[in-house]
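Q: Heads up, the final residue of the sequence shown is numbered 131 in our numbering, and it's a clean run with no missing numbers. Have a look at this one.
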Amino acid sequence: MALRDKIRIMVVDDMSTSRGILTQTLDSFGIRHISTAEDGQSAVHALAKSPVHLVISDYNMPNMDGLKLLHHLRSSAQTKSVGFILITGRTEQQIIDYGRKLGMNNFLKKPFQPQDLRKCIETVVGPL
């Protein structure tokens, strides 16, 4: 069974359009176990009930941004080893450096092409 058939991914983004694009792109890769959340707080609650292997999160969100979500995930024994990819339109070095310090596995700059997302994911989890 291929990794794409087993992996569980959560997409976290406050923009429904962005969540939809990411979900459709993941689906086009053959990934079937995809959940979504509209912000970091919602993601934390959902992950407590249904764990995933990888979180793909937007940076700029209300309530709890992507890096705060990452910090929360790395601070919890239940979620500290979950893969984490930050997607952002802002790639200032300080954001990327802080994300790496917190344990971010990879990042992707918006806008992106499907093959960029696939390469980003495969860098973290292996070939889909």
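Glycine residues also receive a C-beta, built at the ideal position from the N, C-alpha and C atoms.
(1) Given this structure, state the Cα-to-Cα distance separating K9 from N109, to the nearest angstrom.
(2) Per DSSP, G86 is paired with what?
(3) Start and end of the beta strand (DSSP E) containing I37?
(4) Just the Cα atoms here: how many angstroms apart are I90 and K52?
(5) Quick check on DSSP: helix, strand or coil for T94?
A: According to the structure data:
(1) 21 Å
(2) L57
(3) DSSP places I37 inside the beta strand (DSSP E), whose first and last residues are 36-40.
(4) The alpha-carbon of I90 is positioned some 24 Å away from that of K52.
(5) coil
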